[in-house]
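The structure appears below as structure tokens.
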Amino acid sequence: MTKPILEIRGVSKRFSKKLDIAGRLARRFGAAISEETVHAVDNVDLDIAKGEVLGLVGESGCGKSTLGRVVAGIHPASDGALLYEGRVITKKRSDKAATLAIQMIFQDPFASLNPRMRVEDIIGEAPRLHGLVAAAEIPAYVDDVMRKVGLDPTLKKRYAHQFSGGQRQRIGIARALAVKPDFLVCDEAIAALDVSIQAQVINLFMDLRKELELTYLFISHDLSVVEHIADRVAIMYLGRIVEIAATEEIFADPKHPYTKALLAEAPRLDQRKRDFTPVKGEIPSPLDPPPGCHFNPRCPMANDKCRAERPQLEEISPVRAVSCHHWRDA
Amino acid sequence: MTDMTAAKPAVRVETPFQRFRAEFFESRIATAALIVFSSIVVLALLAPWITPQNPYDLGQVDVLDGRLPPGSEAFAGYTMWLGSDGSGRDLYSAILYGLRISLSVGVASGIIALAIGMMIGLIAAYMGGRIEAVIMRLVDLQLSFPASLVALMLVAILGKGVDKIILALVVAQWAYYARTVRGTALVERRKEYVEAAQCLGLSQTQVVFRHILPNCLAPLIVVGTVQTAHAISLEATLSFLGVGLPQTQPSLGVLIANGFEYLLSGRYWISVFPGLALLTTVMSINLVGDHLRDVLNPRLKK
Amino acid sequence: MSAVLEVNGLKTHFFTRAGVVKAVDGVDFSVSSGEIMGLVGESGSGKSITGFSILGLIDSPGRIVEGSVKFDGTEIADAREEALKQLRGNRIAMIFQDPMMTLNPVLRIDTQMIEAILAHEKIDRATARERCRDALGLVGIPSPEERLNAYPHQLSGGMRQRVAIAIAFLNRPRLIIADEPTTALDVTIQAQIIHEAQKLTRQTGTAMIWITHDLAVVAGLADRISVMYAGRIVEQGETDDVIDRPRHPYTVGLLGSVPSANKRGQRLYQIEGMTPNMLALPQGCAFAPRCTRASDECKTAPPIQKSGGSRIRCFHPFGEGGRA
Chain A
269 MTKPILEIRG
279 VSKRFSKKLD
289 IAGRLARRFG
299 AAISEETVHA
309 VDNVDLDIAK
319 GEVLGLVGES
329 GCGKSTLGRV
339 VAGIHPASDG
349 ALLYEGRVIT
359 KKRSDKAATL
369 AIQMIFQDPF
379 ASLNPRMRVE
389 DIIGEAPRLH
399 GLVAAAEIPA
409 YVDDVMRKVG
419 LDPTLKKRYA
429 HQFSGGQRQR
439 IGIARALAVK
449 PDFLVCDEAI
459 AALDVSIQAQ
469 VINLFMDLRK
479 ELELTYLFIS
489 HDLSVVEHIA
499 DRVAIMYLGR
509 IVEIAATEEI
519 FADPKHPYTK
529 ALLAEAPRLD
539 QRKRDFTPVK
549 GEIPSPLDPP
559 PGCHFNPRCP
569 MANDKCRAER
579 PQLEEISPVR
589 AVSCHHWRDA
Chain B
4 MTDMTAAKPA
14 VRVETPFQRF
24 RAEFFESRIA
34 TAALIVFSSI
44 VVLALLAPWI
54 TPQNPYDLGQ
64 VDVLDGRLPP
74 GSEAFAGYTM
84 WLGSDGSGRD
94 LYSAILYGLR
104 ISLSVGVASG
114 IIALAIGMMI
124 GLIAAYMGGR
134 IEAVIMRLVD
144 LQLSFPASLV
154 ALMLVAILGK
164 GVDKIILALV
174 VAQWAYYART
184 VRGTALVERR
194 KEYVEAAQCL
204 GLSQTQVVFR
214 HILPNCLAPL
224 IVVGTVQTAH
234 AISLEATLSF
244 LGVGLPQTQP
254 SLGVLIANGF
264 EYLLSGRYWI
274 SVFPGLALLT
284 TVMSINLVGD
294 HLRDVLNPRL
304 KK
Chain C
35 MSAVLEVNGL
45 KTHFFTRAGV
55 VKAVDGVDFS
65 VSSGEIMGLV
75 GESGSGKSIT
85 GFSILGLIDS
95 PGRIVEGSVK
105 FDGTEIADAR
115 EEALKQLRGN
125 RIAMIFQDPM
135 MTLNPVLRID
145 TQMIEAILAH
155 EKIDRATARE
165 RCRDALGLVG
175 IPSPEERLNA
185 YPHQLSGGMR
195 QRVAIAIAFL
205 NRPRLIIADE
215 PTTALDVTIQ
225 AQIIHEAQKL
235 TRQTGTAMIW
245 ITHDLAVVAG
255 LADRISVMYA
265 GRIVEQGETD
275 DVIDRPRHPY
285 TVGLLGSVPS
295 ANKRGQRLYQ
305 IEGMTPNMLA
315 LPQGCAFAPR
325 CTRASDECKT
335 APPIQKSGGS
345 RIRCFHPFGE
355 GGRA
């Protein structure tokens with residue numbers, strides 16, 4: 269593997285809801301309330317190589333979007349460090365080069381574009397404010413970026429709401445590309461699009477990767493999309509990474525019981541009238557995760573060890589790791 | 004049923020302003036109110052050229068013309084269509100001149116209160132923590148007093164005069180704007196476009212002023228219209244109570260107060276006509292404001 | 035099998051300020067007892083409006099302008115609100131994407147469920163309550179007795195959707211219309227819900243219309259599939275035929291654009307262009323501007339071609355087996 273462009277070292281992100289005056293007063297008088305802390309991301313280690321597409325898969329509340337936002341610098345990490353090309357960037361992003369190098373593509377093509385701005389300003393604002401492009405060349409530069417993502421530059425005077433969902437997502441991609449990033453965090457970037465438009469945007473991501481030598485952290489709940497686009501896949505459950513491997517390996521031979529359940533239950537075109545027993549139970553609240561392995565209440569293989577001891581992410585081959593006490597028995 | 008609205012596509016060629024305009028003029032009442040209000044503004048602006056008398060120029064006011072009923076002829080030869088007040092001012096002229104004062108006091112105090120309230124609200128929303136708590140408790144405190152009481156106390160301390168009454172109105176009203184802006188800004192700052200702006204390395208000031216603020220303007224405009232109407236009637240109240248504007252510069256409130264003592268002696272016109280002018284102004288602004296709220300508030304949209 | 039629901043030439047139009055939106059424009063299909071029909075389409079295709087039209091839930095400025103909806107042989111397209119109210123929640127039930135469209139947030143689950151029974155049947159509360167508990171058990175809710183006493187907000191999204199499904203099945207309806215019931219749910223929860231819904235239709239013989247944008251979901255669930263585009267059904271047939279041997283260019287394109295293992299890393303087949311503007315639909319076939327097989331002929335409305343059990347609305351369908 270080539271040298272990693274981004275190293276995530278023991279990163280955690282906690283959100284805590286502080287008690288207000290009334291709450292503190294009530295607690296003083298014996299009410300059973302306490303400050304609530306959500307471990308959205310719990311001690312995650314990940315390396316992403318230059319030019320690689322890493323798929324990050326998990327269900328809602330597993331912390332995949334939070335991890336993406338920590339990487340993109342929207343949330344500061346509570347613990348741990350991020351290294352970009354070997355430099356630490358965890359603290360306040362004073363490092364402008366690293367800030368601009370990592371950009372994010374959002375899920376909602378409606379909420380992610382400022383409704384009061386014209387397309388040319390949405391795309392051209394950051395390069396102009398940062399002086400990446402001379403002011404006189406901004407219009408030509410915006411045209412250029414728009415063409416790159418398949419948008420007609422003659423529409424640049426329009427507002428975002430005058431475009432369809434797919435075109436809006438292209439505007440969001442153009443906005444990110446305008447600051448010449450090396451690394452894109454795509455957070456469910458195609459989930460909100462129509463089926464026939466999804467393929468267009470997936471193709472755009474693949475073309476851009478080749479053309480601009482981009483690295484992606486591709487966050488999605490959709491296994492088939494991740495299988496299509498990613499080189500490696502990491503599976504997250506309740507804030508932790510439970511399995512990580514090359515795409516072919518993980519789809520051909522999943523080791524973690526949760527990965528197995530996900531793969532078995534994702535609807536696929538080639539399956540008809542299935543008769544199967546889906547994995548029981550629901551994702552526990554991240555406010556109160558089960559002790560030991562987070563998956564133990566739903567896992568068919570769980571025993572006392574799983575309920576007591578947190579499994580470590582164990583390297584089972586140079587490119588593969590799994591966090592389960594029983595992966596050998598599978 | 005959200006799905007059904009989603010199935011109705013937006014017309015893609017309209018700019019936001021065109022859509023806003025089309026939706027605003029869909030309501031006949033609001034359109035009429037806007038026309039009435041615009042006419043009032045035009046009349047007030049043109050007052051020196053379309054009135055027979057300058058009620059501020061004591062040389063033109065003749066006490067002998069006092070308390071004439073509508074339609075009487077003034078000593079100077081013109082007809083007083085709306086009659087005259089106790090000091091001999093032609094009511095038609097006095098109302099138009101009074102409107103100038105009432106409108107400018109209302110609008111000026113509205114704009115200043117909006118600017119101050121907006122800044123304070125933005126600071127509260129963006130700084131959070133203790134600063135926000137202090138500001139918002141101050142807002143709560145302010146809003147728990149009736150605005151007229153606050154203004155009354157201030158004018159009693161400051162004294163009469165246009166500048167003082169504007170100051171009093173600003174103090175009585177900034178809190179409404181601050182609360183509105185903070186509420187909207189808190190919602191807006193969680194949206195993904197703000198996260199995107201952070202990602203693009205924009206500074207906090209740039210994020211607040213270039214991205215969050217423009218998206219808080221719609222509710223501010225609505226509150227601004229309604230509060231301006233409120234300011235106009237508040238000023239009239241103060242003047243009516245005799246603590247607002249001086250007798251020499253009669254605003255609508257002063258005119259109403261002047262006629263009040265004659266009301267029971269059958270000389271209704273001295274109070275009623277300025278009262279009607281005030282009512283029409285305030286009501287037309289409120290109707291416009293109400294409809295603006297319907298058009299600009301996405302939650303009320305069908 | 036007799037048809038529980040027969041829809042013929044249904045047209046629902048919305049008369050908006052900007053023009054007439056022909057959200058549903060001539061839709062025909064039927065569903066039989068115990069059958070699951072998948073109604074698939076993208077946003078704006080009219081799939082949800084079709085569901086709402088059957089239930090008589092179209093609000094102004096929209097209305098059904100033409101067509102017939104026969105439920106158990108009775109025409110209900112022009113039925114009065116009173117008559118429809120008796121049908122809804124009793125013989126026809128609906129499951130929404132958001133379970134809170136069905137659930138009242140301020141009432142306990144048992145109150146809502148018992149009322150749903152008593153509104154249509156005269157039995158005593160204890161019996162009704164028992165039936166509610168059984169219904170919750172049937173949709174896979176653990177400790178149903180406890181859940182009966184809960185308020186909706188105390189349940190997770192997946193649990194709420196199960197309760198909504200339990201309510202839908204409560205009065206043993208003849209027909210259930212499910213509008214994107216699993217779209218907001220996670221993969222493992224979605225699998226559970228599909229599993230329960232499938233089991234229940236099989237047991238009770240209820241007919242079901244499953245509205246979704248996700249072909250993969252209906253592929254594993256439905257007996258027959260109707261694909262909608264711009265207010266019309268463009269292809270309709272047995273699930274195996276539609277998924278494995280699609281013939282309409284739109285269906286072929288949709289299926290081709292779904293990522294799958296054997297196309298890994300390659301460019302996906304993409305349907306060019308955008309989802310159509312419903313206010314400015316092209317003459318004739320609405321898909322023609324995006325279609326690779328379109329000709330001048332397509333400017334006129336394409337006929338319905340029948341082959342086997344399938345119906346395709348196209349001048350130039352792909353041959354049997356999805357090839358030209």
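Chains as they are written, first to last, in this note's numbering: chain A, 269 to 598; chain B, 4 to 305; chain C, 35 to 358. For every residue, glycine included, the Cβ atom is placed at its ideal position computed from N, Cα and C.
Legend entry - Residues of the segment 285-317 of chain C whose Cβ lies closer than 9 Å to any Cβ of chain A, in chain order: From the segment 285-317 of chain C, only G287, L288, L289, G290, S291, V292, P293, S294, A295, K297, R298, G299, Q300, R301, L302, Y303, Q304, I305, E306, G307, M308, T309 and N311 have a Cβ closer than 9 Å to chain A.
Inset, instruction - Just mark A/I356 as buried or exposed, buried being the case when its beta carbon has 16 or more other beta carbons within 10 Å. - result: In the sequence as presented, Ile is not what sits at residue 356 of chain A; that position holds Val. So A/V356 ends up on the exposed side.
Legend entry - Within-8 Å CB hit, A/Q430 to chain C: Under the 8 Å criterion on CB atoms, A/Q430 is classed as non-interfacial with respect to chain C.
Legend entry - Element boundaries [beta strand (DSSP E), containing C/Q270]: Residues R266 to E272.
Inset, instruction - Assign C/V55 to buried or exposed, taking buried as 16 or more other Cβ atoms, counted over all protein chains shown, within 10 Å of its Cβ. - result: Counting every other CB atom within 10 Å of its CB across the protein chains shown gives C/V55 a total of 16 or more, marking it as buried.
Legend entry - Members of the segment 67-86 of chain C near chain A, C-beta cut-off 8 Å: Here the close residues are E76 and S77.
Legend entry - contact_flag[the segment 136-150 of chain B, the segment 173-183 of chain B] where n(CB pairs < 8 Å) is 3 or more: With a cut-off of 8 Å, the segment 173-183 of chain B and the segment 136-150 of chain B count as touching, because enough Cβ pairs lie within range.
Legend entry - Of the residues C/L141, C/A212 and C/M147, the one placed nearest C/G72, counting alpha carbons only: With respect to the C-alpha of C/G72, the residue from C/L141, C/A212 and C/M147 having the closest C-alpha is C/A212.
Legend entry - Integer-rounded CB distance, given that A/S380 should sit under 8 Å from A/G433: Contact flag wrong, Cβ pair sits at about 11 Å.
Inset, instruction - Determine the closest residue to C/L141 out of C/G174, C/Y185 and C/R181, with distance taken between C-alpha atoms. - result: The candidate whose alpha carbon is nearest that of C/L141 is C/Y185.
Inset, instruction - Report the three-state DSSP secondary structure of B/N261 (helix, strand or coil). - result: Helix at B/N261.
Inset, instruction - Would you verify that the beta carbon of A/P554 is, or is not, closer than 8 Å to some beta carbon of chain C? - result: No, no contact with chain C.
Inset, instruction - Quick one: grab the DSSP three-state call for A/R277. - result: Strand.
Legend entry - B/G227, buried or exposed, once every other Cβ within 10 Å from all chains shown has been counted against 16: So B/G227 ends up on the buried side.
Inset, instruction - Report yes or no: do three or more beta-carbon pairs, one from the segment 94-102 of chain C and one from the segment 464-483 of chain A, lie closer than 8 Å? - result: Cβ pair count under 8 Å is below three, so no.
Inset, instruction - If I'm right that B/V173 touches B/S105 with Cβ under 8 Å, what's the distance once you round it to whole angstroms? - result: With a Cβ gap of about 16 Å, B/V173 and B/S105 do not count as contacting.
Legend entry - Terminal residues of the alpha helix (DSSP H) in which B/L203 lies: Note, B/L203: premise wrong, no alpha helix (DSSP H); not H, not E.
Inset, instruction - List the residues that DSSP assigns as beta-bridge partners of A/P272. - result: Looking at the DSSP assignment, A/P272 forms a beta bridge with A/A317.
Legend entry - Proximal residues of chain A, C-beta to C-beta of C/A250 below 7 Å: Correct list: P535, R536 and L537.
Inset, instruction - Tell me, please, whether the CB atom of A/S488 is closer than 8 Å to any CB atom in chain B? - result: Answer no: the Cβ-Cβ gap between A/S488 and chain B never drops below 8 Å.
Inset, instruction - Return yes when the Cβ of C/V65 is within less than 8 Å of the Cβ of C/V38, no when it is not. - result: C/V38 places its beta carbon less than 8 Å from that of C/V65.
Inset, instruction - Would you verify that the beta carbon of B/P217 is, or is not, closer than 8 Å to some beta carbon of chain A? - result: The beta carbon of B/P217 falls within 8 Å of a beta carbon belonging to chain A, placing the residue at that interface.
Inset, instruction - With DSSP as the reference, please indicate the residues paired to A/I500 in a beta bridge. - result: Contrary to the premise, residue 500 of chain A reads as Arg rather than Ile in this sequence. Looking at the DSSP output, A/R500 sits in a beta bridge with A/L322 and A/A514.
Inset, instruction - Tell whether a beta-carbon distance below 8 Å holds between B/D88 and B/I273. - result: In contact: B/D88 and B/I273 (Cβ atoms closer than 8 Å).
Inset, instruction - Indicate whether C/V74 and C/M262 have their beta-carbon atoms separated by less than 8 Å. - result: A contact, by the Cβ cut-off of 8 Å.
Legend entry - Identity of the residue in A/F297, A/T334 and A/E479 nearest A/Q375 by Cα: Of the candidates A/F297, A/T334 and A/E479, the one whose C-alpha sits nearest the C-alpha of A/Q375 is A/T334.
Legend entry - Cβ pair A/R277, A/G348 closer than 8 Å: Contact flag set, yes.
Inset, instruction - Could you name each continuous alpha helix (DSSP H) segment of 4 residues or more that falls completely within the segment 208-254 of chain C, going from the start of the chain to the end? - result: 221-238 and 249-253, all fully within the segment 208-254 of chain C.
Inset, instruction - Return yes when the C-beta of A/G331 is under 7 Å from any heavy atom of the ligand PLP, and no when it is not. - result: The ligand PLP is absent from the structure shown, which contains no ligands of any kind.
Legend entry - Where the alpha helix (DSSP H) containing A/N471 begins and where it ends: Where A/N471 is concerned, the enclosing alpha helix (DSSP H) stretches over V463 to L480.
Inset, instruction - Please check if any C-beta of chain A sits within less than 8 Å of the C-beta of B/Y129. - result: Answer no: the Cβ-Cβ gap between B/Y129 and chain A never drops below 8 Å.
Legend entry - Minimum length 4: unbroken alpha helix (DSSP H) runs contained in the segment 550-578 of chain A: Secondary structure within the segment 550-578 of chain A: the alpha helix (DSSP H) runs of 4 or more consecutive residues, fully enclosed, are 572-576 (chain order).
Legend entry - Any C-beta of chain A under 8 Å from that of B/G278: It does not; no Cβ of chain A falls within 8 Å.
Inset, instruction - Give every residue of the same chain whose Cβ lies closer than 6 Å to the Cβ of A/H524, excluding the five residues on either side of it in the sequence, and list them in chain order. - result: Within its own chain, the residues whose Cβ lies closer than 6 Å to the Cβ of A/H524, once the five positions on either side in sequence are excluded, are V510, E511, V590 and C592, listed in chain order.
Inset, instruction - Using a cut-off of 8 Å between C-beta atoms, extract the partners of A/P407 located in chain B. - result: At a beta-carbon threshold of 8 Å, none of the residues of chain B lie near A/P407; the nearest stands roughly 19 Å away.
Inset, instruction - Quick one: give me the first and last residue of the alpha helix (DSSP H) that C/N42 is part of. - result: Under the DSSP assignment, C/N42 falls outside any alpha helix (DSSP H), being part of the beta strand (DSSP E) whose first and last residues are A37 to T50.
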